[in-house]
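Engineer: In our numbering, the protein residues as written are 69 to 828.
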Amino acid sequence: QLTPSSFLRIGQLSNVDLNEDIHELETELPRQHPNEIPHNEKLLSLKYESLDYDNSENQLFLEEERRINHAAFRTVEIKRWVICAMIGILTGLVACFIDIVVEKLAGLKYRVVKGNIDKFTEKGGLSFSLLLWATLNASVVMVGSVIVAFIEPVAAGSGIPQIKCYLNGVKIPHVVRLKTLVIKVCGVILSVVGGLAVGKEGPMIHSGAVIAAGISQGRSTSLKRDFKIFEYFRRDTEKRDFVSAGAAAGVSAAFGAPVGGVLFSLEEGASFWNQFLTWRIFFASMISTFTLNSVLSVYHGNAWDLSSPGLINFGRFDNEKMGYTIQEIPIFIFMGLVGGILGALFNALNYWLTMFRIRYIHRPCLQVVEAMLVAAVTATVGFVMIYCSRDCQPIQGSTVAYPLQLFCADGEYNSMATAFFNTPEKSVVSLFHDPPGSYNPMTLGMFTLMYFFLACWTYGLTVSAGVFIPSLLIGAAWGRLFGISLSYLTKGSIWADPGKYALMGAAAQLGGIVRMTLSLTVIMMEATGNVTYGFPIMLVLMTAKIVGDYFVEGLYDMHIQLQSVPFLHWEAPVTSHSLTAREVMSTPVTCLRRIERVGTVVDILSDTSSNHNGFPVVESNPDATQVAGLRGLILRSQLIVLLKHKVFVERANLSLVQRRLKLKDFRDAYPRFPPIQSIHVSQDERECMIDLSEFMNPSPYTVPQEASLPRVFKLFRALGLRHLVVVDNRNEVVGMVTRKDLARYRLGKEGLEELSLAQT
69 QLTPSSFLRI
79 GQLSNVDLNE
89 DIHELETELP
99 RQHPNEIPHN
109 EKLLSLKYES
119 LDYDNSENQL
129 FLEEERRINH
139 AAFRTVEIKR
149 WVICAMIGIL
159 TGLVACFIDI
169 VVEKLAGLKY
179 RVVKGNIDKF
189 TEKGGLSFSL
199 LLWATLNASV
209 VMVGSVIVAF
219 IEPVAAGSGI
229 PQIKCYLNGV
239 KIPHVVRLKT
249 LVIKVCGVIL
259 SVVGGLAVGK
269 EGPMIHSGAV
279 IAAGISQGRS
289 TSLKRDFKIF
299 EYFRRDTEKR
309 DFVSAGAAAG
319 VSAAFGAPVG
329 GVLFSLEEGA
339 SFWNQFLTWR
349 IFFASMISTF
359 TLNSVLSVYH
369 GNAWDLSSPG
379 LINFGRFDNE
389 KMGYTIQEIP
399 IFIFMGLVGG
409 ILGALFNALN
419 YWLTMFRIRY
429 IHRPCLQVVE
439 AMLVAAVTAT
449 VGFVMIYCSR
459 DCQPIQGSTV
469 AYPLQLFCAD
479 GEYNSMATAF
489 FNTPEKSVVS
499 LFHDPPGSYN
509 PMTLGMFTLM
519 YFFLACWTYG
529 LTVSAGVFIP
539 SLLIGAAWGR
549 LFGISLSYLT
559 KGSIWADPGK
569 YALMGAAAQL
579 GGIVRMTLSL
589 TVIMMEATGN
599 VTYGFPIMLV
609 LMTAKIVGDY
619 FVEGLYDMHI
629 QLQSVPFLHW
639 EAPVTSHSLT
649 AREVMSTPVT
659 CLRRIERVGT
669 VVDILSDTSS
679 NHNGFPVVES
689 NPDATQVAGL
699 RGLILRSQLI
709 VLLKHKVFVE
719 RANLSLVQRR
729 LKLKDFRDAY
739 PRFPPIQSIH
749 VSQDERECMI
759 DLSEFMNPSP
769 YTVPQEASLP
779 RVFKLFRALG
789 LRHLVVVDNR
799 NEVVGMVTRK
809 DLARYRLGKE
819 GLEELSLAQT
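Written out as structure tokens, the structure is:
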């Protein structure tokens, strides 16, 4: 994942005075895996580039836009709708595929193990069943972990932090590649079948985003196929809008919650938003949940009833026996408080665990071993809990898929087995809907405790898996426990139905871990098909978020911070008004002249110590009277395309016209521009001149150097910029503000902190 040479630079925090030592260090140490990587959360990594959400309005762009007439703009708009429909359909189909394969494989596994346990219960030797279960789990998870660790490490985890960063404007390498999608889908199937404490809902969001990014470009760079369609959308701005639609389609396929998907995309993901986008995203979400619904209905053999809108179906809560009264509201708020505290505990434990993983378990083989260990331990814990539980329930009238009899009398089954011996989704539904008295409080308490630690240990393994379902399951278990104890206290009065408290507990736990409010309220309402609970769910989630935020931040934000991503929040830190652009900006800036020697350009681009991506263009020949004022801004990628197409002329005849490039030449090179090393420039060509006038952006955004940090931040964040040029009062370039300069300042415990930058 990290190359060994980059480990050595982590300790060197400041890049200024230690550059000499770095080279000595690298010569001394041969390439080897260090046993410990020093990792510091007060760092920002320099390996992440920014995405360019601001169109470069150079002459080529303006000429093309002026050529497009009104009718052509209408076709572009129609194409956008077509792409959104395709995103919805494909996301729905991927969700169907995951669902059906998981159902088949998990069913097979549970039937084998159940047959084995039933056989050995009679004649003794149950340890063999345990061995079989643990081996099955570990071997399935091993495959799922190997493909992630060795082929595509970005596919690990739920992918929500990565998509969040992408929509924020950070370029995470490989995050929306086809290969990532394939590994993600296979990995999530294997990790759910392998019985880990994971859900298949989180990865759907990542999958939807990859599908969206792929379709909207009209070609696949991984397969080297170009379909010559949708070429107008080959730039970061358009791609980002489609990716937020894909993420929404993923949520709505996972939970059957199209409105929740749009709100999720708005709350967690999209940093940029407009009205038309909302409607298109809602369209994609609706199509996605409809596709999933119709395909699964056909698969289940009732083609016309469309009864499974999402991958997880919480079942309907009917209002007659499930209403709530006004005096229960304090109880719900108390549950939110508990959820916030438990969620904060979960996040804190996971934080230390992730720090440990970054430091010691950084080699792929170790990561696979750890994943197998977790799988085996999960199976063992489940088996031991089932074995030790004496909680028997009558079989008739219950809806258990794989009832384990074990040591119960005939016609009874072991109720601990419904919780462990099932995919987590099914367990959540049975906790919500089983009639009162199906669970022993002792069973639920033990289950909550064990599952809490298992889920915490599992999140952050090198497998593709989400944290949604485990959190819901933990919450549903302790919520049901809470409901049972309430009905003991109130002598079994009518309103203490445990299923209702299971729902509130699930919401509280999930809200305490991921800290989503708006979208989660709507998702829970849509997934249970019940609007009555909107208000209590909202109260529970608000309480959980407030309480949790008091202790530690949400799980996704925490993982973004642990990976040292330069993430920009909505607002600048509150106390940062004292800083000005002059103190924040990077200097010195490498400027290019408007008519520049090719050799100079090549040298600037090949200089590894400064891998800048934007270069201000200044007036070519400043004499005594004229200042070298700012004329425009040109990007590294544009310069590389110019050099590749050899757009330059010899010094003698500057009047000659350069080779005309079209905007299409730039679009065809997007998104993987060739590195400068691959472009050969001969010695004669180095003496030629290159005229940047028609390729540079002649109107880049600038700020005066006295502007305060919040003002700079607002401009940068709202427009999705990548470079902001700082000028003095004579319009000379004095500095450049990039994403890292702004993300460096963060509100810590003691006030404003400045993070150091490192090449990790």
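Glycine included, every Cβ here is placed at the ideal spot set by N, Cα and C.
Owing to the predicted nature of the structure, the values given are computational and were not obtained by experimental measurement.
For Ala574 versus Ala612, is the C-beta spacing smaller than 7 Å?
Structural biologist: no
Engineer: Go ahead and pull the three-state DSSP assignment for Arg650.
Structural biologist: In the three-state reduction of the DSSP assignment, Arg650 falls in the helix class, which pools H, G and I.
Engineer: Would you mind working out which of Phe382, Met154 and Trp201 sits nearest Gly276, comparing C-alpha positions?
Structural biologist: The shortest C-alpha separation from Gly276 is found at Met154.
Engineer: At a cut of 8 Å, does the region 217 to 231 reach the region 162 to 171 through at least three beta carbon pairs?
Structural biologist: no
Engineer: Do Ala321 and Leu360 have their C-beta atoms within less than 7 Å of each other?
Structural biologist: yes
Engineer: Per the contact definition of three or more C-beta pairs closer than 8 Å, is the region 425 to 443 in contact with the region 545 to 558?
Structural biologist: no
Engineer: Quick check on Ala139: buried or exposed, where buried means 16 or more other Cβ atoms within 10 Å of its Cβ?
Structural biologist: Counting Cβ neighbours within 10 Å, Ala139 comes out exposed, since fewer than 16 surround it.
Engineer: Hey, out of Gly263, Thr558 and Pro462, whose CA is closest to Glu396's CA?
Structural biologist: Thr558
Engineer: Would you check if there are 3 or more beta carbon pairs closer than 8 Å linking the region 146 to 162 to the region 342 to 354?
Structural biologist: yes
Engineer: Please confirm whether Ala444 and Ala202 have their CB atoms less than 7 Å apart.
Structural biologist: yes
Engineer: Which residue comes first and which comes last in the beta strand (DSSP E) that contains Phe683?
Structural biologist: Gly682 to Val686
Engineer: Any beta carbon of chain D sitting closer than 7 Å to that of His627?
Structural biologist: No chain D appears in the structure shown, which is made up of a single protein chain.
Engineer: Is it buried or exposed for Trp347, if we count other Cβ within 10 angstroms and need 16 for buried?
Structural biologist: exposed
Engineer: Rounded C-beta distance between Asp459 and Ser498? I'm assuming under 8 Å.
Structural biologist: Rounded, the Cβ-Cβ distance is 14 Å, inconsistent with contact.
Engineer: Which two residues bound the contiguous beta strand (DSSP E) that contains Ile702?
Structural biologist: Leu698 to Leu703
Engineer: Would the beta-carbon of Phe520 fall within 7 Å of that of Ile537?
Structural biologist: no
Engineer: What's the C-alpha gap between Phe218 and Val243?
Structural biologist: 15 Å
Engineer: Could you tell me whether the Cβ atoms of Tyr481 and Ile463 are closer together than 7 Å?
Structural biologist: yes
Engineer: Jot down the residue ranges of each uninterrupted alpha helix (DSSP H) in the region 293 to 349, minimum 4 residues, whole runs only, in chain order.
Structural biologist: 304 to 323 and 326 to 332
Engineer: Residues in its own chain within less than 7 Å of Phe784 by CB, not counting five upstream and five downstream?
Structural biologist: Around Phe784: Leu792, Val805 and Leu810.
Engineer: Comparing C-alpha positions only, which one of Pro504, Glu621, Pro398 and Glu493 sits nearest to Phe603?
Structural biologist: Distances from the CA of Phe603 to each of Pro504, Glu621, Pro398 and Glu493 were compared; the closest alpha carbon is that of Pro398.
Engineer: Would you check whether the ligand GDP has a heavy atom nearer than 6 Å to the C-beta of Ala444?
Structural biologist: Looking for the ligand GDP in the displayed structure turns up nothing, as the structure carries no ligands at all.
Engineer: Taking all protein chains shown into account, do 16 or more other C-beta atoms lie within 10 angstroms of the C-beta of Thr491, making it buried, or fewer, making it exposed?
Structural biologist: buried
Engineer: Per DSSP, what kind of secondary structure is Asp459 in: helix, strand or coil?
Structural biologist: In the three-state scheme derived from DSSP, where H, G and I count as helix and E and B as strand, Asp459 is classed as coil.
Engineer: Give me the DSSP bridge partner(s) of Ile663.
Structural biologist: Asp759
Engineer: Using only CA atoms, which one of Val652, Tyr569 and Leu710 lies nearest to Glu822?
Structural biologist: Val652
Engineer: Are the Cβ atoms of Val170 and Val260 separated by less than 7 Å?
Structural biologist: yes
Engineer: Arg754 by DSSP, collapsed to three states: which one?
Structural biologist: helix
Engineer: Is Leu710 helix, strand or coil when you go by DSSP?
Structural biologist: Here Leu710 sits in helix by DSSP.
Engineer: Can you tell me whether Gln631 is buried or exposed? The criterion is at least 16 other CB atoms within 10 Å of its CB, across all chains shown.
Structural biologist: Buried, because 16 or more other Cβ atoms sit within 10 Å of the Cβ of Gln631.
Engineer: Could you tell me the alpha carbon to alpha carbon distance between Ala523 and Phe515, rounded to whole angstroms?
Structural biologist: 12 Å
Engineer: Specify the secondary structure class of Met804 as computed by DSSP and reduced to three states.
Structural biologist: strand
Engineer: Go through its chain and collect everything with a Cβ distance to Thr526's Cβ below 8 Å, but skip five positions before and after it.
Structural biologist: Excluding sequence neighbours, Thr526 sits near Leu264, Ala265, Val266, Val442, Thr446, Ala533 and Pro538.
Engineer: Since Lys712 and Pro742 are thought to touch, with beta carbons under 8 Å apart, how far apart are those beta carbons, to the nearest angstrom?
Structural biologist: 7 Å
Engineer: List, from N- to C-terminal side, the alpha helix (DSSP H) runs of 4 residues or more that fit wholly inside the region 367 to 447.
Structural biologist: Every alpha helix (DSSP H) of 4 residues or more that sits fully in the region 367 to 447 is shown, in chain order, as 387 to 390 and 397 to 428.
Engineer: Closer than 7 Å by C-beta to Arg287: which residues in its own chain qualify, once you throw out the five before and the five after it? Chain order, please.
Structural biologist: Arg293, Asp294 and Phe295
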